[in-house]
Each structure stands twice: as structure tokens, then as C-alpha cells.
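Numbering (our numbering), first residue to last: 9 to 395. Encoded as C-alpha cells, the structure appears first; notes follow it.
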Ligand SMILES: Cc1cc2nc3c(=O)[nH]c(=O)nc-3n(C[C@H](O)[C@H](O)[C@H](O)COP(=O)(O)O)c2cc1C
């Protein structure tokens, strides 16, 4: 067997004999343009947009372009296996679905469609605090699928504890704490349309269904939605957040904890000193600090500094199998796929997300083999050259 995922290629060619072509492009860099035809301008701006002039988003892609794969020949790479172990759990491939909030603006089935597609392939979905469906609804859709929970850390301890308890009960195993978005960046594409989904009650299903949050309100969200929304938004001021508070989360969560948004080696070291289990090297897809370094530029140094003490995951700019290959070679244990699956969701719901994931996995598996490797574990920086 050549590998579990590469077969999508033959499946597509064989379907061609019956006159069928894939539901959308297999070039995942082309999906933003395709999704532009089906998303509202507001939704497209929210998903595709970034901070400021978009230079960090561009830097994310340029960082990938600067590294070149150097293929090896006659390397006996016919049998490939993408299986990867993260936090002691085996995953079919080193790929997870990045936490993306407000998926209702992309498709009516929102996070439920994403959960089903991810579960079908056995890839972990990371559910955002800004989900447009409740924790329990998404867990239901995910069934036996692996699932992690992403926390935007609210400054009300009871609400924080309640949300985490719900996530734990609903079968979410790892906790991803996003540090880079304690306030929203200056995002011109949203500002120009005066568009913020949350104040329109999109992406607020988790607090609105949370007993501890509801207990804080004089009137229920059903009676007075604007006040409920403003109360929720007010919980994310970043006030009182510092490294010394991480033990609080450890008390509330007994599974693995990862910090998302790490870019500086010293922060990676602090994270490890604070006892976290993993780091997501990420700049939030260029949505927070404009003029920042491409996230891939930060990866090798962080992997060298703390890669033997914590699981290093990566996102920001991953679009193709070759991109995933490069991030794995530079020290990531797994990559998080972000915008491309959202475009798949917009274009085709659950089927669209599945197509995007299968395309990425097939391309990764083929790239791995054609470059002369059989497993992600064989990849080291020696597989690349800085060009
Ligand atoms: C529309 C959108 C919503 C997002 N929502 C969240 C979120 O709720 N929590 C979070 O930690 N990251 C969020 N992110 C960031 C992603 O998890 C990830 O870091 C980013 O998409 C990576 O960049 P890329 O998609 O360009 O590869 C969001 C990204 C997008 C595009």
C-alpha cells in the first residue's frame, strides 16, 4: 500500500472516466478566490482579511517560499505512513483543524459540518471559544472523533471554569490557550464595513448557553441580547493576564495544555518553564500584529530551543502539502490548517471541508514520498535548503 491518503489522486482520475471532476479546486491556494463568489463581502473580509496592511499575512507565505525541498532519489519511499503521535495519542496524520470562530458566516451548518468532516478522517478539530454552535452540539457532531478545545481566556474565573468543565465533559481532550488575541487588532477590511460578527450575536453560542455566564446577567440573552453580548466582549480586555496565572488553568484542566500564538524564543522558554505541554507557533494568520515576521521564520529556533521539552505545533500560512512538509521538517510535530478549510466549508459544507483535508493529506503524502521519505518522523531540516 502506497499510503492511506495518496489514493485520493487515483479516485479523482477514475471519477473523471465517468465525467466527474472534483467539487472545487485541488489547488488549495485557489480556494479564497472561489469562495469569494459564495461568501458575503463581510464574511469574505472577515475570513481573508488580516491586521493592518496585510504584511504579516504576506510574510507568512513568503517564509514558506524561502525554504526549498531537496528531493532524494531511490529512497525506497513507496510505502508511506503519515501516522503521528501527539500527547501519546496516535493521529492518522500530522494535521489538525485550526480553531476558527464564527463558522456560521461561512456556511449554515457551520462547526457541525467541520466536526463531521474532521471526525470522518480521524483528524482533531480544535473548537474555538468563538464557535457559532455550542460545545455540546459540536461534540455530538464529532461523535467518536478526536477533539481539542481552544480557549479565549475570559477574565471571569467562574465563567472560565464553567466553559472548561463543559469542554472536558463533552470529550475535548487538549486545551489550546490563545494568547495573541486578548484584544482585536486593527483590521481594515472589517472596519471599513463596520463589521464585527460577535456584536451581531454570531460566534457567541458558547457563552449564551453557559450557566455561569447567564448567571451574571440580570436579563437572559433571549430577553436582552445586546447587554449579554457586551458583557461577553467585556470579558476579553487582557486585564490581569500574566505568566504567573497559568497555574490557574492547570487547576481547571487535567489534560494537555498548549499555548497558541508563540513567536519569540524567550516566550517559548517561559511556556516550558511554566509547565505547559505544547506550543503552537503561530501569528494567528497575520490577523493580529501587522508588520510581524512570517510565522515559519520563528519555527526552527523555537523547535531547537524547546522541541525536546514540549510538543511544537505550527500554523499560519499552511496551504499545501509541501508547506506542511516544510513545517514538519523545521521541527513542528503537526500543523494546523486554517483558512483553506473555511473556504472548503463555504463552497461545499461538510463535503467541502472533507475535500480540502483529503487534498492536503494526499499532497503531503505524495510530496513526502517523492522527496524520498516515508514518515513525518524522518523529516529534519536537512530535507530543506534555504533558497
Ligand atoms: C476567520 C478566522 C477565525 C479565527 N478564529 C480563531 C479563534 O477563534 N481562535 C483562535 O485561536 N484562532 C482563530 N483563528 C486563527 C487560526 O486558528 C489560525 O491561527 C490561522 O487561521 C492560521 O493562519 P492561516 O489560516 O492563514 O494559515 C482564526 C482565523 C480565521 C481565518
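Every residue gets a Cβ at the ideal spot worked out from N, C-alpha and C, and that includes glycine.
Q: Compute the distance between the beta-carbons of residue 185 and residue 257, then report whether it is under 8 Å.
A: Residue mapping note: residue 185 aligns to position 177 of the chain shown, counting from 1. Residue mapping note: residue 257 aligns to position 249 of the chain shown, counting from 1. A contact, by the Cβ cut-off of 8 Å.
Q | Length at least 4, wholly inside the segment 81 to 117: the alpha helix (DSSP H) runs in chain order | A | none
Q) Taking the Cβ atom as the reference point for each residue, do residue 292 and residue 181 lie within a distance shorter than 8 Å? A) Taking the first residue of the chain shown as position 1, residue 292 is located at position 284. Taking the first residue of the chain shown as position 1, residue 181 is located at position 173. No. Outside cutoff.
Q: Could you say if the segment 40 to 57 and the segment 307 to 321 meet the contact criterion of at least three C-beta pairs nearer than 8 Å?
A: no
Q: Given a cut-off of 8 Å, decide if residue 369 and residue 103 are closer than it, judged by their beta-carbon atoms.
A: Counting from one through the chain shown, the residue named residue 103 turns up at place 95. Counting from one through the chain shown, the residue named residue 369 turns up at place 361. Yes, the Cβ-Cβ distance between residue 103 and residue 369 is below 8 Å.
Q: Measure the Cβ-Cβ separation of residue 344 and residue 106 and say whether it is below 8 Å.
A: Taking the first residue of the chain shown as position 1, residue 344 is located at position 336. Taking the first residue of the chain shown as position 1, residue 106 is located at position 98. Yes, the Cβ-Cβ distance between residue 344 and residue 106 is below 8 Å.
Q) Looking at C-alpha atoms only, which residue of 223, 394, 45 is the closest neighbour of residue 356? A) Indexing the chain shown from 1 puts residue 356 at position 348. When each option's Cα is compared against that of residue 356, the closest is 45.
Q.
Using DSSP's beta-bridge definition, name the partner residues of residue 207.
A. Position 199 of the chain shown, counting from 1, holds the residue named residue 207. DSSP output for residue 207 lists no bridge partner at all.
Q: Have a look at the DSSP bridge pairing and note the partners of residue 342.
A: For this step, residue 342 is matched to residue 334 along the chain shown. Answer is 321.
Q: Write down every uninterrupted run of the beta strand (DSSP E) in the segment 194 to 275 whose length is 3 residues or greater and which is fully enclosed by it, in chain order.
A: 265 to 270
Q: Consider the C-beta atom of residue 292 and the heavy atoms of ligand 1; say whether any pair is separated by less than 7 Å.
A: For the purposes of this step, residue 292 is identified with residue 284 of the chain shown, where counting begins at 1. Answer for residue 292: yes, Cβ within range of ligand 1.
Q: Output the distance between the C-alpha atoms of residue 62 and residue 236, rounded to the nearest integer angstrom.
A: The residue labelled residue 62 in the question sits at position 54 within the chain shown. The residue labelled residue 236 in the question sits at position 228 within the chain shown. If you take the alpha carbons of residue 62 and residue 236, they lie about 32 Å apart.
Q: Please list the segments of the alpha helix (DSSP H) lying wholly inside the segment 331 to 389, counting only runs of 4 or more residues, in order along the chain.
A: 347 to 378
(Q) Rounded to whole angstroms, what is the Cα-Cα separation between residue 126 and residue 219? (A) Position 118 of the chain shown, counted from the start, is the residue given in the question as residue 126. Position 211 of the chain shown, counted from the start, is the residue given in the question as residue 219. Cα to Cα, residue 126 sits roughly 28 Å from residue 219.
Q) Does the segment 316 to 330 come close enough to the segment 287 to 301 to have 3 or more Cβ pairs within less than 8 Å? A) yes
Q: Whole angstroms is fine: what's the gap from residue 66's alpha carbon to residue 227's?
A: For the purposes of this step, residue 66 is identified with residue 58 of the chain shown, where counting begins at 1. For the purposes of this step, residue 227 is identified with residue 219 of the chain shown, where counting begins at 1. Cα to Cα, the separation comes out at about 45 Å.
Q) Going by the beta-carbon positions, is the gap between residue 365 and residue 131 smaller than 8 Å? A) Sequence index remark: in the chain shown, residue 365 carries index 357 (1-based). Sequence index remark: in the chain shown, residue 131 carries index 123 (1-based). Closer than 8 Å, so yes.
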